[in-house]
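See structure below.
Numbering (this note's numbering), first residue to last: 558 to 1007.
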């Protein structure tokens, strides 16, 4: 009768040892993660305690956590100019109950109020006043109440892709051409190597159609994210960025602990955020359940205008903000505030003075290493923070409508990128060009108080 009792005690003892080992292992992992978080450049002062501007009239979205994600242009040429545009601007909304994540890319050339009734391209807001001003720009133009951000440059993206062993991405002929061109500069800036992707021979008749899936390293995947000179312009560029983010998240979830620690060691020193270490540690247990549900771009409806430079004009800001709130929060009761209505009217007024078109200006296949798509505001003659792209690439789609087929590769749960069209009446044909590179100095004031 005593033998079963000894056996049960032995089993119980083994279970206790297993639980203890798991507990010790958990403490070790937690300690390792906690130590590695110290590598992140965490801003001790919360943005809400600084000069961040929020719209008091905007709805407080309970049940959701919203962050601003910025991809910074840290290239050496911009350090010399003392500029730092956020050429990637993404709003991330997390449903606290379902852990579903939705992403909205704000197109870099979108005409918005970037600060103090100053209207310019959205990507200039970061250079004009750092993360505080960039977050304020999103809040005041889009009726949001964001108080936290994460910022990285493309060195971090190169590194995380390499740590994960690369990504398998479908490419068109045009994307291969432009990616190879961008790889030259990306490699020089990061010190990382790459092998150019060989172009298909013969060249396909439809240069925008997917030709194959290629295994890309960090330099190549980052260069792929930078492409904006195909027929899909910045809309295609931001779609590529969201696709790569989705693939990174999916691959990281399946990665081993050593790979995750490697990413933390190498990438975290390149990250700047307002999210505290305590908050990050609290989020870690739930992160495995996060999934990117849907992604899109902003504005959804737009036209192009030459307002001392090529800009994207929301048609209208009011209606686009309404659609964005419905997308991010499923909020059908939301109505834009008076601040958004005022900005919407002013943007329409500004664009009315330019050449508003359904399509972007046509481009040539001349390498654009000397282009400058700058646009300054309010007659201001100080430093122009608008974007300058000196990559040596050409547009191969002057007369081709964007109808790229990403068939077979759906990178989000509910979103099919096949033939995706971001505007109801916009033709992407003609590519991207900024034909007027003069600074705005004739004294007109684009302030809302005009």
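Note that beta-carbon positions come from the ideal geometry of N, C-alpha and C, so glycine has one too.
| Asked | Found |
| --- | --- |
| Between the beta-carbon of residue 1073 and the beta-carbon of residue 641, is there less than 8 Å? | No answer is possible for residue 1073: the residues shown for the chain start at 558 and end at 1007. |
| When you compare the CB positions of residue 724 and residue 778, do they come within less than 8 Å of one another, or not? | yes |
| Can you name the start and end residues of the beta strand (DSSP E) that residue 854 belongs to? | 848-855 |
| Tell whether a beta-carbon distance below 8 Å holds between residue 739 and residue 797. | no |
| Alpha carbon to alpha carbon, what distance is there between residue 597 and residue 903? | 40 Å |
| To the nearest angstrom, how far is it from the Cα of residue 690 to the Cα of residue 682? | 6 Å |
| Going by DSSP, what residue range makes up the alpha helix (DSSP H) through residue 503? | The chain is shown from 558 up to 1007; residue 503 falls before or after that span and cannot be answered. |
| Mapping DSSP to helix, strand and coil, what is residue 773? | strand |
| How many angstroms separate the CA atom of residue 705 from the CA atom of residue 758? | 48 Å |
| Contact check, residue 646 vs residue 622 under 8 Å by CB: the rounded distance? | Not confirmed; about 18 Å, so no contact. |
| Suppose you measure from the CA of residue 870 to the CA of residue 669; what does that come to, to the nearest Å? | 9 Å |
| Classify residue 814 as buried or exposed, calling it buried when 16 or more other Cβ atoms lie within 10 Å of its own Cβ. | exposed |
| What residue from 667, 687, 676, 631 has the CA that sits closest to residue 608's CA? | 687 |
| Looking at residue 795 and residue 664, is the spacing between their C-beta atoms short of 8 Å? | yes |
| Using a threshold of 8 Å, state whether the C-beta atoms of residue 660 and residue 837 are closer than that. | no |
| Starting from residue 904, follow the alpha helix (DSSP H) in both directions and report where the run begins and ends. | 895-908 |
| Alpha carbon to alpha carbon, what distance is there between residue 853 and residue 662? | 6 Å |
| May I have the straight-line CA-CA distance separating residue 842 from residue 657, to the nearest angstrom? | 15 Å |
| Would residue 735 and residue 787 qualify as a contact pair, given that the criterion is a beta-carbon distance under 8 Å? | yes |
| List, from N- to C-terminal side, the beta strand (DSSP E) runs of 3 residues or more that fit wholly inside the segment 638-718. | 643-652, 657-663, 668-672, 675-678, 706-710 |
| Just the C-alpha distance for residue 881 and residue 700, rounded to the nearest angstrom, thanks. | 10 Å |
| Give the straight-line distance between the Cα atoms of residue 820 and residue 803, rounded to the nearest whole angstrom. | 17 Å |
| Does DSSP classify residue 888 as helix, strand or coil? | coil |
| In terms of residues, what are the limits of the beta strand (DSSP E) holding residue 724? | 724-729 |
| Using the beta-carbon count (16 or more within 10 Å), is residue 762 buried or exposed? | exposed |
| Short of 7 Å in beta carbon distance, which residues of its chain neighbour residue 780, apart from the five on each side in sequence? Order them along the chain. | 736, 739, 740, 743 |
| Check whether chain C comes within 8 Å of residue 701, counting only Cβ atoms and requiring the distance to be less than that. | Going by chain labels, chain C is absent from the structure shown, which holds only one protein chain. |
| Please state the DSSP three-state secondary structure of residue 843. | helix |
| Nearest-angstrom Cα distance between residue 889 and residue 673? | 30 Å |
| At what residue ranges does the segment 755-830 contain a whole run of the beta strand (DSSP E), taking only runs of 3 or more? | 767-773 |
| Between the Cα of residue 695 and those of 896, 915, 908, 732, spot the shortest distance and give me the residue it belongs to. | 896 |
| Within 10 Å of its beta-carbon, does residue 750 have 16 or more other beta-carbons around it, so buried, or fewer, so exposed? | exposed |
| Can you grab the Cα-Cα spacing for the pair residue 818 / residue 722, in whole Å? | 14 Å |
| Going by DSSP, name the residue or residues bridged to residue 863. | 867 |
| Please report the straight-line C-alpha distance between residue 810 and residue 643, rounded to a whole angstrom. | 27 Å |
| Could you tell me which of 868, 620, 592 sits nearest to residue 791, measuring between CA atoms? | 868 |
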